[in-house]
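Report on one structure; see the data block that follows.
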Amino acid sequence: AYKLLTGRRDAFHTLRTLGGVSGFPRMAESPYDHFGTGHSSTSISAASGLALARDIRGEKHKVLAVIGDGSMTAGLAYEGLNQAGGDDRDLVVVLNDNKMSISKNVGALSLFLSRKLSNRWMLRAKKEFEAVARILPYGQEVVELVKRGEESFKGFFTPGMLFEAFHFNYLGPIDGHDLPKLISVFKEVREMSGPVLVHVLTQKGKGYSPAEANPSYYHGVGSFEPETGEIIKYSGTKLPTYTEVFGKTLCALAAEDKRIVAITAAMPEGTGLAEFSRLYPERFVDVGICEQHAVTFAAGLATQGLKPVVAIYSTFLQRSYDQIVHDVCLQDLPVVLCLDRGGLVGEDGATHHGVFDFSYMRHVPNLLFMAPKDEAELQRMLATAMIHPGPVAIRYLRGVGTGADLSERPEPLPLGQGELLRDGTDAVIVAIGSRVMPSLVAARELEAEGLNVAVYNARFVKPLPEAELVELAGRFTRILTVEENALQGGFGSAVLECLSDAGALSGHVVRRLGIPDYFVEHGAQKLLREMLGIDKDGIKAAARELATRKS
């Protein structure tokens, strides 16, 4: 709705398509998008910065931060509240509470008390009373006594005490669908100064009955029939997604291994843990939007002999980097990090692509880091993680698998060993994760052109299969690395480092395919991979050029 109201109505049909309107606020897209975002809980901190900049410039306008109740589970939101409240900054925070995370409103008395105790007339009266009382004998004691009585009475009926502890004036809860009431409240807020929090109650999916009935499902949904709400199903055999394979495999492993505890950060459905939560509720923990806490919490579990599995989207795990290094890997604890949505995620765009994890994790000591070529290999990597005595990360893509045969009892992989999927003579493609199967198809198609290209599945980002890579370099002078990760510091860089350290690069030509040094925008995964040259055709073209290049 915000995008429709701020000049993007005519382009709205391009929403979340390549070159079209972004699904998130984006400063480059509109002057009305004052701060770009896609990860949760940033609004209060960003708005605090905007408010201070306003004050430094001597300007006189209001700064508003809008935040959802789910986002209020994250520590970042409270860090922002703490800063703004402590500075007595003139800032308005609007808490959009759709009852998905915060307790329900306790009735009309709560609204009445909040209005009477927080409106600007009461604030003025309170300040005048305090000023007069403090010059009287025992005046300070009287002020403190009155404050305690007011706060106890109000806090008994409302959630406002939490926010007033951060020195915010609290108004609410207010019916977010009562437009006259909202207008009245915000007119009042406009005349107030200092930090103010307006607690607005809304219904997720209001006005559209399918979304009202199933708000979580319609939080992020694909194509559907507006009249009925039915999801549009495409013809063809439905292959399981990597997320589904992960969830089912973990449930099977947990049935036999009572040490396994599954942890998610507010995304049980998105990470495939919904079934686990139903089967093993005592071994399932949803920590809310608290990725840092999730990792350190898992580390604590691991110290007591349990096997915590933390399932988080790759892009969100970036928030937990220090915890991965300091709390897990430094102590060599057996925490399993499952990085869903590794690689290009598609329409969610730059804020959600998981294209940096190879780079920011492969250099951390003690960490075992794997990426499967297909869903069967994902199963084997999970089995490997369960028997490994130290920290493990497994990164897999968003989307369906390849149709590989799944196992009821997957075998662990030999550590640090890849596999030669196809031998050759002209060049070798060294691929990892989601780019292995497209590389294999590309090599098969090149055979029709008279080119014999080998394909090697590395499997391990860390430890690299160094001996096997050096052996390949002894056989092939033309090497192409392919990954769905940033080229800077990524898998291809690791291969080059390995061969350079081994003195195995002399006379070789090595080319790397991956994500260039810029943020990739939103668009369908297929189109983005094609644009970046890491789809089957792009890999084929690069391998052809490499194999036919003259020395």
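Residues 1085 to 1635 (the numbering used here) make up the sequence shown, in order. Don't be surprised by glycine CBs; every beta carbon is placed ideally from N, CA and C. Since we're looking at a predicted model, the values are computed, not measured.
Exercise. To the nearest angstrom, report how far apart Ile-1186 and Gly-1159 are at their CA atoms.
Key: Any reading at Ile-1186 is ruled out, since the residue's pLDDT is 45, under 50, leaving its predicted position unreliable.
Quiz item: Roughly how many whole angstroms lie between the Cα atoms of Val-1476 and Thr-1509?
Solution: 35 Å
Quiz item: What first and last residue would you give for the alpha helix (DSSP H) that runs through Lys-1391?
Solution: Here Lys-1391 belongs to no alpha helix (DSSP H); instead the beta strand (DSSP E) covers 1391-1397.
Quiz item: Just how far apart, CA to CA, sit Lys-1546 and Ala-1338?
Solution: 26 Å
Quiz prompt | Collapsed DSSP secondary structure at Leu-1401 in the structure displayed | solution = helix
Quiz prompt | Helix, strand or coil at Asn-1027 [DSSP, three-state] | solution = The structure shown does not extend to residue 1027, since the chain is modelled only from 1085 to 1635, so the question has no answer here.
Quiz item: Which one of Ala-1135, Gly-1438, Tyr-1116 has the shortest CA to CA distance from Leu-1089?
Solution: Tyr-1116
Quiz item: Going by the beta-carbon positions, is the gap between Gly-1438 and Arg-1464 smaller than 9 Å?
Solution: no
Quiz item: Taking the Cβ atom as the reference point for each residue, do Val-1284 and Leu-1266 lie within a distance shorter than 9 Å?
Solution: yes
Quiz item: DSSP state of Val-1439, grouped into three classes?
Solution: coil
Quiz item: Given Pro-1496, which residues of its chain have a CB within under 7 Å of its CB, disregarding the five upstream and five downstream residues?
Solution: Arg-1464, Ala-1467, Thr-1468, Ile-1471
Quiz item: On the three-state DSSP scale, how would you describe Arg-1506?
Solution: strand
Self-check item: Span of the beta strand (DSSP E) around Asp-1181
Solution: 1176-1181
Quiz item: Taking just the CA atoms, how far does Ile-1396 sit from Tyr-1364?
Solution: 19 Å
Quiz item: Is Tyr-1540 helix, strand or coil when you go by DSSP?
Solution: strand
Quiz prompt | Cβ separation of Val-1644 and Leu-1255, assumed to be a contact under 8 Å, to the nearest whole Å | solution = No statement about residue 1644 is possible, as the shown extent of the chain runs from 1085 to 1635 and does not include it.
Quiz item: Would a C-beta distance cut-off of 9 Å place Thr-1399 and His-1123 closer than the cut-off?
Solution: yes
Quiz prompt | For His-1283: DSSP bridge partner residues | solution = Leu-1179
Quiz item: Given that a residue counts as buried once 16 or more other Cβ atoms are within 10 Å of its Cβ, and exposed if not, what is Gly-1154?
Solution: buried
Quiz prompt | Coil, strand or helix - Cys-1582 by DSSP | solution = helix
Quiz prompt | Element boundaries [beta strand (DSSP E), containing Arg-1595] | solution = 1593-1599
Exercise. Count the other C-beta atoms from every protein chain shown that fall within 10 angstroms of the C-beta of Arg-1559, then say buried if there are 16 or more, exposed otherwise.
Key: exposed
Practice problem: State the start and end residues of the unbroken alpha helix (DSSP H) segment that holds Ile-1128. | Solution: 1127-1140
Practice problem: Pick helix, strand or coil for Ile-1516, following the three-state DSSP scheme. | Solution: coil
Practice problem: Please state whether DSSP places Thr-1090 in a helix, a strand or coil. | Solution: coil
Quiz item: Just reading off the alpha helix (DSSP H) that Cys-1335 is part of, what are its end residues?
Solution: 1326-1340
Quiz prompt | Exposure label - Lys-1087; buried when at least 16 CB within 10 Å | solution = buried
Practice problem: Determine, using beta carbons only, whether Leu-1385 comes closer than 9 Å to chain C. | Solution: The chain labelled as chain C is not found in the depicted structure, where only one protein chain is given.
Self-check item: Where Leu-1197 falls: helix, strand or coil (DSSP)
Solution: Reliability of the predicted coordinates at Leu-1197 is poor, the pLDDT of 39 falling under 50, and no value is obtained from them.
Quiz prompt | Backbone CA spacing between Ser-1584 and Arg-1562 [nearest angstrom] | solution = 15 Å
Exercise. For Ile-1140, count neighbouring C-beta atoms within 10 Å of its own C-beta (all shown protein chains included) and say buried if the count is 16 or more, exposed if not.
Key: exposed
Quiz item: Can the beta-carbon of Glu-1359 be found closer than 9 Å to that of Lys-1332?
Solution: yes
Quiz item: Helix or strand or just coil, what does DSSP make of Ile-1258?
Solution: strand
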